[in-house]
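Step one of this worksheet: look at the structure below.
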Amino acid sequence: MKTFKFWRSEINALPLLVLICLTWLVGMVVVAFTADLIAPYAYTKLNLSERLLPPIFFGGNMDHLLGTDELGRDVLSRLLYSIRISLLVAFSSTLISAALGIGMGFLAAHFRGWVEQLVLVLVDFQASMPFMIIALAVLAFFGNTLLLFIALMGFYGWERAARIARGLTIAANEQGYAAAVYDLGASPWRVYLKHILPNIASTLIVSITLTFPEVILLESGLSFLGLGVQPPMTSLGNMVGYGREYLQSAPWILLAPSFFIVVTTFSVSMVGDWLRDRLDPTLN
Amino acid sequence: MLNYLITRLARASLTLFLILTFSFFILRMTGDPAMLIMSPDAPPEALEAFRKGWGLDAPLWDQYLGFLGNLLQGNFGYSMRDKSPAMALFISRIPATLTLAIPAFFVKLIIGIPAGVMAALYRNSWIDRALISLSIAGHTVPSFVLGLVLVLIFSVSLGWLPSGGDSSLKHIILPVITLSLGGAAVLARFTRSAMLEVMGQPYIRTASAKGLKWHMVVKHHAMPNAAIPTLTVIGFMVGSLIAGAVVVESVFSWPGVGRLLVTSVANRDLAVVQSLLLLVGTTMVCSNLLVDALYGWVDPRVRNSSSQAEK
Amino acid sequence: MSTPLINLLQVNQLTKHFEVPVTGGWINRSASLRAVDGISFNLNEGRTLGLVGESGCGKTTAARLVLGLMKPTAGSIVFEGHEISATRNAEWRSTRKRMQMVYQNPLGALDRRLKVIDQVTEPLKIHQIEDARTQIEKAQNLLGELGLSSTHWHRYPHELSGGQRQRVVLARAMILSPKLLVCDEPVSALDVSIQAQVINLLQDIQDKYGVASLFISHDLKVVRQVSHNVAVMYLGKIVEQAPPEVLFKSPQHPYSQALISAIPSVSHRKNHGRVLLQGDPPSPLFLKPGCSFAPRCHLAMPVCFVSQPELTPINDQHSAACHLITKYAAC
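Protein chains in written order, with the numbering used here: chain A, 35 to 318; chain B, 9 to 319; chain C, 49 to 379.
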C-alpha cells in the first residue's frame with residue numbers, strides 16, 4: 035500500500051502538461067457520472083422555437099450556453115450525455131479487449147501446440163484487416179444495440195495485448211522466474227496470477243493506454259457515419275454527424291463535440307506516454 | 009528465402025479463407041436475411057419466395073459450397089436493393105477510391121519519411137519538437153474532424169476549395185490531405201524512432217570514426233537499416249488508408265468504395281457488404297504478402313536464414 | 049564415522065532424444081538429437097556428484113530429467129526408492145519438496161517483483177507449510193545462516209550482488225529441506241572471488257543439512273573442489289567416472305586427459321604434455337558409428353570407429369568408456 039505522501043510526491047513530479055491532461059480526464063469522468071445532475075436540460079428535449087441558436091458569446095443567450103441544434107436541443111446538455119456514453123463505451127471496450135487479449139495470450143503461452151497456433155491465426159486475422167471494416171461488416175449483419183456495440187468494440191486491439199502477453203509469458207516460462215516457481219511446485223494458476231501477471235502488468239498497461247484513445251476515435255468515427263451509437267442515445271461522434279449538415283449555418287453543433295473528442299484523446303495519449311516512460315524507461 | 013515466402017503465402021491463403029468463411033457464416037448467423045430485408049410482417053409466401061430466390065432454403069453446407077463456387081466464377085451476389093450485380097457495383101467505384109488513395113499514399117511517404125529522418129538527425133531541436141507535436145495531433149484528431157475543419161476553413165470561410173463532389177482537380181485536394189495527414193504524422197514518428205535506434209548502434213559510430221562523412225554515414229548505413237522496420241509500418245498504411253477512405257469519402261461525398269460500404273451497411277445490403285469485405289480482405293492479404301516479400305529481400309538476415317538447421 | 053551410505057538417486061540408462069527439424073532445401077527432414085544417450089549413475093545421501101563436460105554435452109538436459117522436468121525417452125530415475133515421472137500432477141508437485149534446483153542465472157530465476165524474504169517464503173506458501181509468521185521466521189533464520197543479514201531481507205533481486213542473489217536462490221531451494229539439490233552451473237556467472245564463497249557455502253549446507261548434490265559445471269577446478277565423485281560427459285554419454293583425486297591424477301579416457309591437461313596451473317611447465325583436441329566437436333545430430341570421441345581422439349584405433357565402448361570398471365571406484373581400457377584390461 036502506497037502512502038499518501040508517496041502519491042503526493044508523484045503528483046508533484048508530473049510535468050505540467052501531463053497534470054493538465056490528467057485533470058481534464060478526471061473532469062471528464064466526473065461529467066460522465068454526474069451528467070444527469072449537471073445538465074440543464076434532458077438531452078432529448080426538443081424546442082423547435084429555439085432552433086439553431088448560437089452559443090453564448092456568438093449571439094446566443096444564457097439559456098443555452100453552447101447553443102442549440104437543428105431540433106432545438108441544448109448542445110451543452112447533449113454534450114454532457116455524449117461524454118458519458120462515449121466514455122462508457124471506451125472504458126468497457128478497453129477492459130473487454132484487455133481481458134480477452136491477456137487471456138488468449140496466456141492460453142497460447144501455457145498450452146503451446148495447436149492452441150497456440152490457433153491463437154496466432156486469430157491474431158493474424160485480426161491484425162490483417164483494418165478493424166473499421168470488420169466492425170462495419172458485423173454492424174451490417176448483426177444490427178446495433180448498445181450492448182452489441184460495446185461487445186464489438188471490445189474486439190478492438192485484443193491482438194496487441196495477446197501478442198505481448200504471449201511473448202512475455204513464454205520468456206518467463208522458458209528460462210526465467212516462472213520456470214523456477216513451477217519447479218518449486220506451484221500450480222499454474224498461482225504462477226500466472228501471482229507471478230507472471232504482476233511482472234507483465236506495466237507493458238500491458240502501456241498497450242491498454244494505446245488502445246483506449248483509439249477506441250474513442252473508432253467509436254466516434256462509426257457514430258459519425260451513423261453506424262455507431264444510435265439515437266435517441268447521443269455520443270460525441272453522433273453529434274458531429276448530425277451537425278455536419280449545418281456546417282455552414284451552425285458550425286457550433288459539430289465543433290463542440292469535436293473539440294472534446296480531440297482534447298480527451300490527446301489527454302489520454304499524453305498520460306499514456308508519461309505512464310510508459312515511468313513504468314519502463316528502457317522503451318522509447 | 010523460398011521457405012519463408014512459402015510459409016507467408018500459406019498463412020496469407022489461410023487468412024483469406026478465414027475471411028471468406030467468416031463473411032459467409034456471419035451472414036447466415038444473424039437470423040433470417042429475408043426478414044431483415046423485407047419487413048417482419050411480410051406474408052410468409054413472400055418471405056419464402058425471397059428465400060428461394062436467394063437460395064437461402066438449401067442446407068447450410070450446400071449454401072457454403074455454392075457460395076465458394078459463385079465466388080470463383082466471379083459472382084458476388086446481387087445488391088438486395090436495386091438488384092444490380094454486387095461486383096459490378098463495387099468495381100465501378102474502385103477508380104474513385106484509388107484517385108484518393110494512391111496520391112494519399114505517396115503524400116504520406118513524401119511528407120512522413122523525410123520529416124522523420126530530419127527529426128531524428130536534429131534530435132531535440134525545434135524541428136524535432138514541432139514534429140512530435142504535429143504527430144501527436146495527427147494521432148489524436150480523427151479524420152472526420154480534420155476533414156470538416158478543413159472544409160470549414162478552406163471552403164466555407166475562405167471559399168478557396170470546394171467542399172464536396174468530384175468533378176475537378178480542385179475537389180481532390182481536401183480529401184487527399186485529410187486522408188494523408190494522420191498517417192503521415194504516424195509515419196514520421198515511426199521513422200524518427202527507427203532512425204534514432206539505428207543511429208545509436210555501435211556500427212554507426214564505427215562508420216563515422218572511419219572518417220566517413222556524416223551524410224554518407226546517414227545515407228549508406230543509417231537509412232537502409234532504418235528502412236527495415238519502416239517497411240512494416242508502410243504495410244499498415246494500406247490498412248489505414250482503406251479505413252480512412254471510408255470516413256473521408258463520407259465527409260466529402262466522394263463516390264468511392266468506402267462510401268458504398270457505409271451506405272450498404274446502413275441499408276443492410278448484405279451481398280454488397282460481403283463482397284466489399286472480401287475485396288478489402290484480399291487487398292490486405294496481398295499487401296501484407298508484398299511487404300513480407302520485400303522484407304525478406306531487404307533484410308539479409310531473413311534472406312539467408314533458410315540454409316541453417318533450425319533448432 | 050561410518051554412516052552407511054544410503055542410495056538416494058539411481059539413474060539407469062537415462063536417454064533423451066529430441067526430434068529436430070533440419071531444413072535442407074525444399075523438404076524438412078528431422079534428425080534425432082541424442083542429448084542424453086544412456087547414462088547411469090548413483091548418488092548417495094549427503095554426497096556430491098560432479099557432472100562435467102563441454103557446452104552441449106547434455107549435462108543440463110540430464111539435470112532436468114533427474115528433476116522430472118522433462119520426460120525421458122528411455123531409462124529410469126529412481127529417487128528415494130520411487131520412480132520419478134515427469135507428469136506434473138499433485139504427486140510431482142509434492143516431490144518438489146524433496147528435490148530442488150539451483151540455477152545458473154540467479155537474476156533470471158528470481159521474480160524481480162518480490163523482495164528477498166518473499167522469495168524465500170514462496171515455497172512454504174506454495175506447499176502450505178506452517179503459518180505466515182512461522183514461514184517468515186524460518187526464512188529469516190535460513191537467510192541468516194546463508195550469510196544474508198536483515199538489511200538484505202527487504203531488498204529486491206536487482207538490488208543485490210551476484211553472490212547475494214545466488215544465496216537467495218539457495219535459500220529458496222533449501223527452505224523445504226530437500227534431500228537433493230541439482231546445481232546447474234551455479235557459479236559460472238559469478239566473479240572468481242565470489243565463486244569461492246558460494247562453493248564454500250554449498251559445502252557448508254551439505255555438511256549441515258546432509259543434502260546430496262548433483263553439481264553440473266564445465267569448470268573442472270570447481271568440480272574438483274566440491275565433488276565426492278566426478279562423471280565426465282561427452283555428447284550425451286558418460287565417458288569416465290571416478291573420485292576427483294583419482295580422476296585428476298590419472299585420467300584414463302583421452303577426453304578427460306585433454307580436459308585435465310588444459311587446466312592452467314602454476315606448477316606445470318610450458319607444454320608439459322598438453323593434449324590438444326583435433327578437429328571440431330561433431331554435431332550431435334549426425335553421429336557416426338563407433339565411439340563418438342574417435343574423430344578427435346589422438347589415441348584412436350581402428351576399432352574405435354566401428355564399435356562404441358561401454359563404461360567399464362577399472363577398479364571399484366574408477367570406470368571409463370574407452371577401447372584402450374578394455375584392450376589393456378584384456379591383456
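The C-beta atom is built at its ideal place from N, Cα and C for all residues, glycine as well.
Just so we're clear, the structure is a prediction, and the values are computed from it rather than from any experiment.
| said: Against chain A, which members of the region 166-182 of chain C pass a CB distance test of less than 8 Å? | reply: 170, 171, 174, 175
| message | Mapping the DSSP letters down to three states, classify residue 116(C) as helix, strand or coil. | response | The residue you call residue 116(C) lines up with position 68 of the third sequence. Residue state, collapsed to three classes: coil.
| Mind checking whether residue 192(B) and residue 120(B) have CB atoms under 7 Å apart? | The residue labelled residue 192(B) in the question sits at position 184 within the second sequence. The residue labelled residue 120(B) in the question sits at position 112 within the second sequence. For residue 192(B) and residue 120(B), yes; Cβs fall inside 7 Å.
| Does any C-beta atom of chain B lie closer than 7 Å to the C-beta of residue 183(A)? | Here residue 183(A) corresponds to residue number 149 of the first sequence, with the count starting at 1. Taking Cβ atoms only, chain B never reaches closer than 7 Å to residue 183(A), which makes this a no.
| field | Interface flag, residue 320(A) vs chain C, CB-CB below 7 Å | value | The first residue shown for chain A is 35 and the last is 318, placing residue 320(A) beyond what the model contains.
| request: Please say whether residue 201(A) and residue 131(A) have beta carbons closer to each other than 7 Å? | output: To locate residue 131(A), count along the first sequence from 1; it is residue 97. To locate residue 201(A), count along the first sequence from 1; it is residue 167. No, they are not a contact pair.
| query | Taking any Cβ of chain B, which residues in the region 245-262 of chain A have a Cβ under 7 Å from it, in chain order? | reply | 247, 251, 254, 255, 258, 259, 260, 261
| request: Output the distance between the C-alpha atoms of residue 276(B) and residue 254(A), rounded to the nearest integer angstrom. | output: Within the second sequence, numbered from 1, the residue matching residue 276(B) stands at position 268. Within the first sequence, numbered from 1, the residue matching residue 254(A) stands at position 220. Cα-Cα distance, rounded: 21 Å.
| request: Tell me, to the nearest whole angstrom, how far the beta carbon of residue 202(C) is from that of residue 208(C); I am working on the premise that it is less than 8 Å. | output: Stepping through the third sequence from its first residue, residue 202(C) is reached at position 154. Stepping through the third sequence from its first residue, residue 208(C) is reached at position 160. Actually they do not touch by this definition, with Cβ atoms about 11 Å apart.
| query | Would residue 83(C) count as contacting chain A if we go by Cβ distances under 7 Å? | reply | Here residue 83(C) corresponds to residue number 35 of the third sequence, with the count starting at 1. Not an interface residue.
| query | Using a C-beta cutoff of 7 Å, does residue 75(A) count as contacting chain C? | reply | Looking up residue 75(A) in the first sequence gives position 41. Cβ-Cβ to chain C under 7 Å: no for residue 75(A).
| Where residue 217(B) falls, given that 16 or more other Cβ within 10 Å makes a residue buried | Here residue 217(B) refers to the residue found at position 209 when the second sequence is read from its first residue. Its Cβ having fewer than 16 others within 10 Å, residue 217(B) is exposed.
| query | Which residues in the same chain have their Cβ closer than 7 Å to the Cβ of residue 306(B), if we skip the five residues on either side of it in sequence? | reply | If you number the second sequence from 1, residue 306(B) lands on position 298. Counting only Cβ-Cβ distances below 7 Å, and skipping sequence neighbours, we find 235, 236, 239.
| request: Say whether chain A places a C-beta atom closer than 7 Å to the C-beta of residue 160(B). | output: For the purposes of this step, residue 160(B) is identified with residue 152 of the second sequence, where counting begins at 1. True, the Cβ-Cβ gap to chain A drops below 7 Å.
| query | residue 113(B) touches chain A at which residues, Cβ-Cβ below 8 Å? | reply | Taking the second sequence and counting its residues from 1, one reaches residue 113(B) at position 105. Ordered by position in chain A, no residue passes the 8 Å Cβ test against residue 113(B), which lies about 14 Å from the chain.
| task | Find the nearest neighbour of residue 217(C) within the set 65(A), 217(A), 199(A), judged by alpha-carbon distance. | result | Here the question's residue 217(C) lines up with position 169 in the third sequence. For residue 217(C), the nearest C-alpha among the options comes from 217(A).
| query | Shortest alpha-carbon distance to residue 123(B) belongs to which of 112(B), 14(B), 137(B)? | reply | Taking the first residue of the second sequence as position 1, residue 123(B) is located at position 115. With distances taken between Cα atoms, residue 123(B) lies closest to 137(B).
| So residue 196(C) packs on residue 220(C), CB below 8 Å; how close in whole Å? | Counting from one through the third sequence, the residue named residue 196(C) turns up at place 148. Counting from one through the third sequence, the residue named residue 220(C) turns up at place 172. No, residue 196(C) and residue 220(C) are not in contact; Cβ-Cβ is about 12 Å, not under 8 Å.
| query | Taking C-beta to C-beta, are residue 64(C) and residue 120(C) nearer than 7 Å? | reply | Residue numbering aside, residue 64(C) sits at position 16 when the third sequence is read from its first letter. Residue numbering aside, residue 120(C) sits at position 72 when the third sequence is read from its first letter. Contact flag set, yes.
| query | Just how far apart, CA to CA, sit residue 231(A) and residue 194(B)? | reply | Locating residue 231(A) in the first sequence gives position 197, counting from the first residue. Locating residue 194(B) in the second sequence gives position 186, counting from the first residue. The alpha-carbon atoms of residue 231(A) and residue 194(B) are separated by roughly 30 Å.
| What residues in the region 279-304 of chain A bring their beta carbon closer than 7 Å to a beta carbon of chain B? | 281, 282, 285, 288, 292, 295, 296, 299, 300, 303
| query | Quick one: what's got a C-beta closer than 8 Å to residue 183(C)'s C-beta in the same chain, skipping five residues either side? | reply | As a position in the third sequence, residue 183(C) is number 135, starting the count at 1. These residues qualify, in order along the chain: 169, 172, 173, 177.
| If residue 200(B) and residue 128(B) are in contact, beta carbons under 8 Å, what's the gap, nearest whole angstrom? | On the second sequence, residue 200(B) is found 192 positions in, with the first residue counted as 1. On the second sequence, residue 128(B) is found 120 positions in, with the first residue counted as 1. The pair is a contact, with the Cβ atoms about 5 Å apart (cut-off 8 Å).
| task | Report buried or exposed for residue 138(C), applying the criterion of at least 16 other Cβ atoms within 10 angstroms of its Cβ. | result | The count along the third sequence starts at 1 and reaches residue 138(C) at position 90. With fewer than 16 Cβ atoms within 10 Å of its Cβ, residue 138(C) is classed as exposed.
| said: Any beta carbon from chain C within less than 7 Å of residue 219(A)'s own beta carbon? | reply: For the purposes of this step, residue 219(A) is identified with residue 185 of the first sequence, where counting begins at 1. Yes, contact with chain C.
| Where residue 230(C) sits in the DSSP three-state scheme | By one-based count along the third sequence, residue 230(C) stands at place 182. Note: residue 230(C) maps to strand in three-state DSSP.
| message | I need the straight-line Cα distance from residue 251(B) to residue 243(A), nearest angstrom please. | response | To locate residue 251(B), count along the second sequence from 1; it is residue 243. To locate residue 243(A), count along the first sequence from 1; it is residue 209. Going from the Cα of residue 251(B) to the Cα of residue 243(A) covers about 21 Å.
| Those runs of the beta strand (DSSP E) which lie wholly inside the region 103-162 of chain C and span at least 3 residues | 122-127, 147-150
| request: Give the DSSP-derived three-state secondary structure of residue 336(C) in the structure shown. | output: For the purposes of this step, residue 336(C) is taken as residue 288 along the third sequence, with counting starting at 1. DSSP places residue 336(C) in coil when its eight states are reduced to three.
| query | Touch check for the region 64-74 of chain A and the region 114-129 of chain A: three-plus C-beta pairs under 8 Å? | reply | yes
| said: Can you check which of these residues, 204(C), 140(C), 158(C), is closest to residue 175(C) by C-alpha distance? | reply: Sequence index remark: in the third sequence, residue 175(C) carries index 127 (1-based). Nearest option by C-alpha distance: 140(C).
| field | Proximity winner among 301(B), 262(B), 28(B), 214(B), relative to residue 182(B) (alpha-carbon distances) | value | If you number the second sequence from 1, residue 182(B) lands on position 174. Closest by alpha carbon: 262(B).
| message | Which residues of the region 112-140 of chain B have a Cβ closer than 8 Å to any Cβ of chain A? Give them in chain order. | response | none
| query | Could you give the distance in angstroms between the alpha-carbon of residue 156(A) and the alpha-carbon of residue 29(B)? | reply | If you number the first sequence from 1, residue 156(A) lands on position 122. If you number the second sequence from 1, residue 29(B) lands on position 21. Approximately 13 Å between the Cα atoms of the pair.
| said: Taking the alpha helix (DSSP H) that residue 121(B) belongs to, which residues open and close that run? | reply: Residue numbering aside, residue 121(B) sits at position 113 when the second sequence is read from its first letter. Looking at the DSSP string, the run of the alpha helix (DSSP H) that includes residue 121(B) is 94-129.
| said: Taking a contact to mean a Cβ-Cβ separation below 7 Å, would you say residue 62(C) touches residue 123(C) in this structure? | reply: Position 14 of the third sequence, counted from the start, is the residue given in the question as residue 62(C). Position 75 of the third sequence, counted from the start, is the residue given in the question as residue 123(C). Yes, the Cβ-Cβ distance between residue 62(C) and residue 123(C) is below 7 Å.
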